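For any residue, its number in the working numbering is found by taking its place in the sequence shown, counting from 1, and adding 9.
All residues carry an ideal CB built from backbone N, CA and C; glycine is no exception.
As the structure is a prediction and not an experimental result, all values here were calculated from the model.
Worksheet: the structure to be examined is printed underneath.
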Amino acid sequence: MASHVTFDLHARDGKARAGAIQTTRGRIRTPAFMPVGTAATVKAMLPESVAATGADVLLGNTYHLMLRPGAERIAALGGLHRFMNWEKPILTDSGGFQVMSLAGLRKLTERGVTFRSHIDGSKHDLTPERSIEIQQLLGADIVMCFDECPALPATDAAVAESMRLSMRWAKRSREAFGDRPGHALFGIQQGGVTEELRGESAEALREIGFDGYAIGGLAVGEGQEAMFGVLEYAPDMLPRNKPRYLMGVGKPDDIVGAVARGIDMMDCVLPSRSGRTGQVFTRHGVLNIKNARHQDDPRPLDEACGCPACRNYSRAYLHHVFRSQEIISSMLLTWHNLHYYQQIMAEMRDAITAGQFADWQSAFHRQREQGDIEPL
Ligand SMILES: [Zn+2]
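Quick look at the structure:
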């Protein structure tokens, strides 16, 4: 019998949930953080290094991969897992969000979107059917519905119209996906920051039926308070027995706040992108390695961190290689940031399972409030 993607919830603590998504390519422990492998690579990291940080799943970007090197080419070369040497599960986005944020000369119709590539200006076409086809060509384990995310600020009427278009596209995505054992299709809730529209969207998605449900249209500049406001009610509108994925989030305290409100999965470029710009996340908050205070400091970024950057290198060295624009700087800082994110996820899973999530959350905030260690 063909195996299906399943989701088992092991524990609940308040609204926070711990569980696992079982796929043919392995288990995704939840709450899960997905590093972003935009162009078939998590920048500055070997796939085995990403796995060593504790990541169970990667996110791939349909928009980037369809433009370069092309979905048909990746399929002919054995699919995205083989192409990029990552054997664990991959989730791909639908391309909708990035078309809106990156592409030029977009034209939106009921059928889909036509746009020009930000790389070479070539003309392309993305519809729900084509997005699903591309994600299948890539071989994604978890496929996302093609949706539209309105640019903010937008009127309620514009948000409603866009959400209803996304729901019609969700139905077409479901039909295009068909029945694919071992692969999951997630719907995406839209509706901006309006409870009524979020409810209407959730209702439409539940009627179609998906293997998991994402919350889209957040982390687009509305601010943490507004986002948490939506997360007070939006996850409860989605089926309890399916994974809930908050797209594009976020900073460490966003992630912790989202898990506290019932989110199971998240993705963000922040830990990897910050690794390349010298921004470092630790238990004590954020530090900037280019700051001169680090240039004579023999101590690690975080003495409690077990990553290679912290085990083997001083702040002084990391400061030096960043200032010298050495490639190892991006490698080490990205590794540390991804390791820290996965450390938070592991600690949250343990705390939820032990029924101690509230205590863990207070300790997390207390440590951050202390700030970085005093300069020498
Ligand atoms: Zn570290």
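Going by other Cβ atoms of all chains shown within 10 Å of its Cβ, with 16 needed for buried, is methionine 10 buried or exposed? Reliability fails at methionine 10, whose pLDDT of 42 lies under 50, so the model's placement of it is uncertain and no value is given.
For the 8 Å Cβ check, are there 3 or more pairs between the segment 341-355 and the segment 280-289? yes
State the Cα-Cα distance for the pair isoleucine 2 and valine 108, rounded to the nearest angstrom. Residue 2 is absent from the model: the chain starts at 10 and stops at 385.
Can you tell me where the beta strand (DSSP E) holding asparagine 321 begins and where it ends? Counting along the chain, asparagine 321 falls outside any beta strand (DSSP E), though it belongs to the alpha helix (DSSP H) covering 317-321.
Would you kindly work out how many angstroms separate the C-alpha atoms of phenylalanine 219 and phenylalanine 290, rounded to a whole number? 35 Å
Counting beta carbon pairs with one atom in the segment 285-305 and one in the segment 239-250, are three or more of them shorter than 8 Å? no
Could you please go through the chain and list the residues whose beta-carbon is closer than 6 Å to any non-hydrogen atom of ligand 1? Leu310, Asp311, Cys314, Cys316, Ala318, Cys319, His345, His348
Need the endpoints of the alpha helix (DSSP H) that arginine 2 sits in, please. Residue numbering for the chain in the displayed model covers 10 to 385; residue 2 lies beyond these limits and cannot be assessed.
Quick one: residues in its chain with C-beta nearer than 6 Å to the C-beta of threonine 123, no 5 flanking neighbours on either side, listed in chain order? Lys116, Asp134
What are the residues that DSSP puts in a beta bridge with aspartate 227? Residue 227 is actually leucine in this sequence, not aspartate. Answer is none; leucine 227 lacks a bridge partner.
With distance defined between alpha-carbon atoms, name the residue in Leu68, Gly63, Arg125 nearest to leucine 100. Leu68
For methionine 288, collect the residues of the same chain with a Cβ closer than 7 Å to its Cβ; drop the 5 residues on either side in sequence, then sort them by chain order. Per the sequence presented here, residue 288 reads as glutamine, with methionine not at that position. Within the same chain, glutamine 288 has close Cβ partners Val295, Asn297.
Nearest-angstrom Cα distance between arginine 324 and alanine 61? 22 Å
Can a CB atom of chain D be found closer than 8 Å to the CB of glycine 69? Absence of chain D from the displayed structure is noted, only one protein chain being present.
Report buried or exposed for arginine 77, applying the criterion of at least 16 other Cβ atoms within 10 angstroms of its Cβ. exposed
Do you know whose CA, among Ser58, Gly221, Ala85, lies nearest leucine 147's CA? Ala85
Exposure label - glutamate 157; buried when at least 16 CB within 10 Å: buried
Under 8 Å between the Cβ atoms of proline 252 and glycine 221? yes
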